[in-house]
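Take a look at the structure set out below.
There are 2 protein chains.
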Amino acid sequence: MSVEAGTQDDRADASHPAVERALTMLRSGGHRITGARHAVIETLATIDGHPSAEQLSEQVRTLHPTVHRATVYRTLETLAALGVVTQVHLAGNATTYHLAGDATGHHHLHASCRVCGRIIDLPSDLLDPITRRLAEERDFALDPPHIALSGTCHTCQ
Amino acid sequence: MSVEAGTQDDRADASHPAVERALTMLRSGGHRITGARHAVIETLATIDGHPSAEQLSEQVRTLHPTVHRATVYRTLETLAALGVVTQVHLAGNATTYHLAGDATGHHHLHASCRVCGRIIDLPSDLLDPITRRLAEERDFALDPPHIALSGTCHTCQ
DNA sequence: ATGAGTGCAAAGTGTTTGCAACTAT
DNA sequence: ATAGTTGCAAACACTTTGCACTCAT
Numbered sequence: 013m014s015v016e017a018g019t020q021d022d023r024a025d026a027s028h029p030a031v032e033r034a035l036t037m038l039r040s041g042g043h044r045i046t047g048a049r050h051a052v053i054e055t056l057a058t059i060d061g062h063p064s065a066e067q068l069s070e071q072v073r074t075l076h077p078t079v080h081r082a083t084v085y086r087t088l089e090t091l092a093a094l095g096v097v098t099q100v101h102l103a104g105n106a107t108t109y110h111l112a113g114d115a116t117g118h119h120h121l122h123a124s125c126r127v128c129g130r131i132i133d134l135p136s137d138l139l140d141p142i143t144r145r146l147a148e149e150r151d152f153a154l155d156p157p158h159i160a161l162s163g164t165c166h167t168c169q
Numbered sequence: 013m014s015v016e017a018g019t020q021d022d023r024a025d026a027s028h029p030a031v032e033r034a035l036t037m038l039r040s041g042g043h044r045i046t047g048a049r050h051a052v053i054e055t056l057a058t059i060d061g062h063p064s065a066e067q068l069s070e071q072v073r074t075l076h077p078t079v080h081r082a083t084v085y086r087t088l089e090t091l092a093a094l095g096v097v098t099q100v101h102l103a104g105n106a107t108t109y110h111l112a113g114d115a116t117g118h119h120h121l122h123a124s125c126r127v128c129g130r131i132i133d134l135p136s137d138l139l140d141p142i143t144r145r146l147a148e149e150r151d152f153a154l155d156p157p158h159i160a161l162s163g164t165c166h167t168c169q
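As given, the protein sequences belong to chains R and F, one line each in that order. Heads up: take any position in the first sequence, counting from 1, add 12, and you land on my numbering. Heads up: take any position in the second sequence, counting from 1, add 12, and you land on my numbering.
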């Protein structure tokens, strides 16, 4: 692995709280802190937008060229299982990933435009009534952030 | 093409209303009625469950072995553009297709279980309040049937 | 030291596309 | 006749897997 251990303060921001949190959760989940994982997590913390695994992988590789695509996919899967990252499925496009409860610790939902692909952030409580109704009437535990709603944005209508 | 024109009453059910409707919409959309399209539409009308393009393609081929996968994909795309079929995206799985407003003419929504993959049909008005809210507050035209909600079904919780 | 994690290459899915041949109109 | 469609093969995008090697613990 090519990431120097010991000092990670040479990169991005010395200790983005979300990065610390993610590392802690990894460790307490019984996983090892490797350079590759460190790199993926820091990339997640700094990258803008709603990156796919492939885009993350590319971005990771700009600073850590030896980190393989497959490792990024595996790391994201691990982090998702731990609840550190949220996987968002985008109606026909690649799955995207972001740190769960970024910064402020509160989640949000997404909608994607069928026409232009734009992704729109939505308040996390938007689906609360539906979540409640599905739980009561169908005993179904909705996981609202896991899919992006689909429709047409205002510029594309 | 291997489908005999003239008589389609030798297959499944002589004239499933939905099939007639689909053929009419195809024609009035300026498209040609080909054996392959006929086969796809009849398969859509008869198949159970929530088939993917690949499954439909397989099923079509049991009766019409010369119809190619690619043609099924193209036909489904055409039918979706005409609004004859509804495309449902399934959070990480293959897109599924069904005749829009099957039989009775009313749509329904879907939710899929993250664990077992089961697909649950939901009333079409479930998301009406959210649709309204998104239209008003974000000028976003939600297309509720286009994605399946995601969560955990009662047997998997 | 030792097993979790990695890089790599290769295989899997699901889906799209370029093109020559075909056929519904 | 002539465009719209098809079959085919090949490419594509995204993701997973088997395996030998490496490194965090």
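Using N, Cα and C, we set each Cβ at its ideal position, and we do this for glycine too.
If you scan the segment 98-126 of chain R from start to end, which runs of the alpha helix (DSSP H) of 4 or more residues do you find wholly inside it? 114-117
Count the other CB atoms within 10 Å of the CB of R/E54; is the residue buried (16 or more) or exposed (fewer)? buried
Whole-number beta carbon distance between F/G104 and R/H101, since they are thought to touch under 8 Å: 6 Å
Proximal chain R residues relative to F/D140, where beta-carbon distance stays under 9 Å: Simply none; closest approach about 10 Å.
Residue ranges of each alpha helix (DSSP H) run of no fewer than 4 residues wholly in the segment 17-72 of chain F, ordered along the chain? Taking only runs of at least 4 residues, the alpha helix (DSSP H) segments lying wholly in the segment 17-72 of chain F are 29-40 and 47-58.
Please name the residue, chosen from R/T90, R/R144, R/L134 and R/L91, that lies closest to F/L154 on a Cα-to-Cα basis. R/L134
Any idea what DSSP makes of F/L146, helix, strand or coil? helix
So which residues of chain F does R/R150 contact, with C-beta pairs closer than 7 Å? At a beta-carbon threshold of 7 Å, the residues of chain F lying near R/R150 are I132, ordered along the chain.
Given F/V84, which residues of its chain have a CB within under 7 Å of its CB, disregarding the five upstream and five downstream residues? Around F/V84: V52, A65, L68, S69 and V72.
Can you find a C-beta in chain F that's less than 8 Å from the C-beta of R/A30? no
Determine, using beta carbons only, whether F/D155 comes closer than 8 Å to chain R. yes
Determine the burial state of R/G61: buried for a count of at least 16 other Cβ atoms within 10 Å of its Cβ, exposed for fewer. exposed
Can you grab the Cα-Cα spacing for the pair F/S136 / R/L111, in whole Å? 32 Å
Any Cβ of chain R within less than 8 Å of the Cβ of F/G129? no
Start-to-end residues for the beta strand (DSSP E) that takes in R/L139: Neither: R/L139 is in no beta strand (DSSP E) and is coded neither H nor E.
In this structure, does DSSP put R/A82 in helix, strand or coil? helix
For F/R144, return the contacting residues in chain R, with the cut-off set at a CB-CB distance below 9 Å. The premise fails here: F/R144 is roughly 12 Å from chain R at the closest Cβ pair, so nothing lies under 9 Å.
Distance, F/Q99 Cα to F/A147 Cα: 22 Å
Could you tell me which of R/T108, R/A160 and R/R150 sits nearest to R/I1, measuring between CA atoms? Nothing about residue 1 of chain R can be read from this structure; chain R reaches only from 13 to 169.
What in chain R is Cβ-close to F/L161, meaning under 7 Å? Residues of chain R whose Cβ lies closer than 7 Å to the Cβ of F/L161 are, in chain order, L154 and I159.
F/R126 versus chain R: which residues are under 8 Å apart at the beta carbon? Those within 8 Å of F/R126 in chain R are D155 and H158.
On a Cα-Cα basis, can you pick out the residue from R/I59, R/A82 and R/R144 that is closest to F/G163? Measuring from the Cα of F/G163, the nearest candidate turns out to be R/R144.
For F/V31 and R/L75, I'd like the C-alpha separation in whole angstroms. 56 Å
So with CB distances below 9 Å, who are the chain R contacts of F/T164? F152, A153, L154 and D155
Answer with buried or exposed for R/P124, where buried requires no fewer than 16 other C-beta atoms within 10 angstroms of its C-beta. Looking at the sequence provided, one finds Ser at residue 124 of chain R rather than Pro. Counting Cβ neighbours within 10 Å, R/S124 comes out buried, since at least 16 surround it.
Considering only residues of the same chain and omitting the five flanking positions on each side of R/G113, which have a CB-CB separation below 6 Å? H119
Following the continuous beta strand (DSSP E) through R/T164, name the residue where it begins and the one where it ends. L161 to T164
Identify the residues that DSSP records as bridge partners of R/L91: which are they? Paired residues: none, contrary to the question.
With burial defined as no fewer than 16 other Cβ atoms inside 10 Å of the residue's Cβ, what is the status of R/V79: buried or exposed? buried
When DSSP builds the beta bridges, which residues end up paired with R/L75? Within the DSSP bridge table, the entry for R/L75 names no partner.
Straight-line gap, F/V96 to R/D151 (C-alpha atoms, nearest Å): 32 Å
Once the 5 residues before and after F/M37 are set aside, which same chain residues still bring their CB inside 7 Å of it? Cβ within range, chain order: L94 and V96.
Can you give me the C-alpha to C-alpha distance between F/R39 and F/L56, rounded to a whole angstrom? Using only the alpha carbons, I get a separation of about 18 Å.
Could you check the C-alpha separation between F/P29 and F/A92 for me, to the nearest Å? Going by the C-alpha atoms only, they are around 18 Å apart.
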